[in-house]
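The structure under discussion appears below in the form of structure tokens.
In UniProt numbering, the protein residues as written are 1 to 311.
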């Protein structure tokens, strides 16, 4: 199925992505796509370019501009792009927003058509976990119980489990993730190294709204006053980065000055970690570091982070 889009006097025909819910069908379509890609290369006299590369963008749907930035990066990295859309129940704890998490598959597929994505893998819970909650899970280890893991017990075990399943189903050469979920990125990279996955991770910088708020599917739940208050998170991080030359304590003080001034923002944690271990740094730490923040604004949990270089 195709649809037309008028741009500057031209008509671009957009091909609707193929939405696939079966694991076997997904694998079959990718095998066919690789064969077609090789044939097209031969026809163009490009037969020596090597094996076609598959790039995966794992998402939980409710796509926004940040996700689409990941998709555009994926298109530049390989030949066949797959976007997965699956709201993974293993990532949600008791009392979290699994039932209310936005599910907008039709709009997501339309947005991906504009980006030229050929395949959307959108399995059901029954397809991913045919026997109910998976009894075999990937453990996130000690770092998985810190920060977001402390606030959401079991979250990272569930995240790593579904990422491992998606990698085994799709077999991507590269997978693209956003830097906003910094702890998630760290744990995925460690899982790939520890378990000898062949997939490589590409991390895309945080995409922000006007005013600095990091883009998130949860932002749509913010009321206007809450959205304005939430901008203190990115403002605090920016202030921290501006004084990084004075050390870790100075960065924390600068960030607190912005965030603590907003009564609508209930801070969960604000911490500077070593990117090699994801553990909090000491006062004398020097070199690369990352400041992480999490807060509740109304009933909406928001996270953000920024890279620091401490002297």
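Using N, Cα and C, we set each Cβ at its ideal position, and we do this for glycine too.
- The stretch 106-118 and the stretch 57-67 touch, with three or more beta-carbon pairs separated by less than 8 Å.
- One alpha carbon belongs to residue 54, the other to residue 90, and they sit about 26 Å apart.
- A distance below 6 Å between beta-carbons, with the five flanking residues on each side excluded, links residue 81 to the following residues of its chain, in chain order: 55, 74, 75, 117.
- Here the alpha carbon of residue 134 sits roughly 14 Å from the alpha carbon of residue 124.
- A Cβ-Cβ distance of about 29 Å is found for the pair residue 240 and residue 160, leaving them out of contact under the 8 Å criterion.
- Nearest in C-alpha terms to residue 112, of all of 77, 278, 71, 87, is 71.
- Taking the Cα positions, residue 190 is about 23 Å away from residue 282.
- Out of 290, 265, 234, 266, the CA that lies nearest to the CA of residue 248 is found in 290.
- Taking C-beta separations shorter than 7 Å and ignoring five residues to either side along the sequence, the partners of residue 234 in its chain run 208, 212, 213, 214, 304, following chain order.
- Every beta strand (DSSP E) of 3 residues or more that sits fully in the stretch 38-115 is shown, in chain order, as 54-59, 80-85.
- Pairing residue 296 with residue 219, the inter-Cα distance amounts to about 12 Å.
- Runs of the beta strand (DSSP E) spanning 3 or more residues and lying entirely within the stretch 115-162 occur at 119-121, in chain order.
- Within its own chain, the residues whose Cβ lies closer than 6 Å to the Cβ of residue 294, once the five positions on either side in sequence are excluded, are 268, 269, 303, listed in chain order.
- In the displayed model, residue 198 falls within coil according to three-state DSSP, outside both helix and strand.
- Boundaries of the beta strand (DSSP E) around residue 294: 287-297.
- Sequence-distant partners of residue 266 (beyond 5 residues in either direction) whose C-beta falls short of 7 Å from its own C-beta, in its chain, are 295, 296.
- Between residue 102 and residue 217 a beta carbon distance of about 6 Å is seen, short of the 8 Å cut, so the two are scored as contacting.
- Counting the other Cβ atoms within 10 Å of the Cβ of residue 277 gives fewer than 16, which makes it exposed.
- The C-alpha of residue 140 lies about 15 Å from the C-alpha of residue 92.
- For the options 182, 205, 177, 210, the alpha carbon positioned closest to that of residue 199 is the one of 177.
- Taking the Cα of residue 152 as reference, the smallest distance to any Cα among 121, 184, 165 is reached at 184.
- With respect to the 8 Å criterion, residue 158 and residue 223 are not classified as neighbours on the basis of their beta carbons.
- In the three-state DSSP reduction, residue 206 falls in the coil class, being neither helix nor strand.
- Residue pairing from DSSP places residue 309 in a beta bridge opposite 288.
- Distance check between residue 196 and each of 45, 271, 164, 32 places 164 closest, using alpha-carbon atoms only.
- In the three-state reduction of the DSSP assignment, residue 260 falls in the coil class, being assigned neither a helical nor a strand state.
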